[in-house]
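Numbering (our numbering), first residue to last: -2 to 178.
Here you go:
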């Protein structure tokens, strides 16, 4: 009943790595970011606008985070999201943090979403500041404190497939040594 939490910076590769890791482990994949995007679509607002709304409507983050905990309790899951590891710190067997240089992340977001690099850079900065403020206010969590993580990887110069290889090797060994794999 392994639970893997993958958190990190916007456009650092969280979703790509988490999805492929779940495939390799034959685990379920849950993306907190996708849940957040679904709420934005249901409300007819952009992702950035939902972040702004969530700064005063804490029920949005709480609902998404409660869903993450429910999914974790079901086990055999890789859960990805900015706050996933902090929310699941007492449930997750492994907590992984992905980071990358802001320029690399801007280029990735630009390519993924068809935005200019400047638009992507501004979005990343706005989302991360919104996340930082909300999580500090709602939960007292400083997302700049990465001391809870078991593994931190800088993905700036590493191909996504190689990052998955590194993460898989680490997770496999931890779960095996815990008797969960």
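The C-beta atom is built at its ideal place from N, Cα and C for all residues, glycine as well.
Treat the numbers as computed from the prediction; the structure is a model and nothing was measured.
{"Asked": "Under 8 Å by Cβ, that's how I've got residue 4 and residue 81 pegged, so tell me the actual separation to the nearest angstrom.", "Found": "5 Å"}
{"Asked": "Answer with buried or exposed for residue 173, where buried requires no fewer than 16 other C-beta atoms within 10 angstroms of its C-beta.", "Found": "exposed"}
{"Asked": "Roughly how many whole angstroms lie between the Cα atoms of residue 9 and residue 176?", "Found": "30 Å"}
{"Asked": "Looking at residue 222: is its Cβ nearer than 8 Å to the Cβ of residue 37?", "Found": "Since the first residue of the chain shown is -2 and the last is 178, residue 222 is not available in this structure."}
{"Asked": "Leaving out the 5 sequence neighbours to the left and right, which residues in its chain are closer than 8 Å to residue 109 when beta-carbon positions are compared?", "Found": "8"}
{"Asked": "Output the boundary residues of the alpha helix (DSSP H) element that contains residue 64.", "Found": "56 to 71"}
{"Asked": "Going by the DSSP bridge assignment, what does residue 151 pair with across the sheet?", "Found": "96"}
{"Asked": "Starting from the C-beta of residue 129, find all residues in its chain whose C-beta is less than 6 Å away, skip the five residues before and the five after it, and write them out in chain order.", "Found": "140"}
{"Asked": "Residue 154: which of 100, 117, 55 and 93 sits nearest, CA to CA?", "Found": "100"}
{"Asked": "In terms of alpha-carbon separation, which member of 133, 107 and 119 lies closest to residue 79?", "Found": "133"}
{"Asked": "Take the Cβ of residue 157 as the centre, count every other Cβ of all protein chains shown within 10 Å, and call the residue buried at 16 or more, exposed below.", "Found": "exposed"}
{"Asked": "Note down, in chain order, each residue of its chain lying with its Cβ closer than 8 Å to the Cβ of residue 123, except the 5 sequence neighbours on either side.", "Found": "45 and 48"}
{"Asked": "Over the uninterrupted beta strand (DSSP E) stretch that includes residue 1, give me the two end residues.", "Found": "0 to 5"}
{"Asked": "With distances taken Cα to Cα, identify the nearest neighbour of residue 90 among 6, 31, 148 and 28.", "Found": "148"}
{"Asked": "What is the DSSP secondary structure of residue 103, counted as helix, strand or coil?", "Found": "helix"}
{"Asked": "Taking buried to mean at least 16 other C-beta atoms within 10 Å of its own C-beta, is residue 71 buried or exposed?", "Found": "exposed"}
{"Asked": "What separation, rounded to the nearest whole angstrom, lies between the Cα atoms of residue 42 and residue 127?", "Found": "16 Å"}
{"Asked": "Helix, strand or coil for residue 28 per DSSP?", "Found": "strand"}
{"Asked": "Among 84, 29, 113 and 171, which has the Cα closest to the Cα of residue 137?", "Found": "84"}
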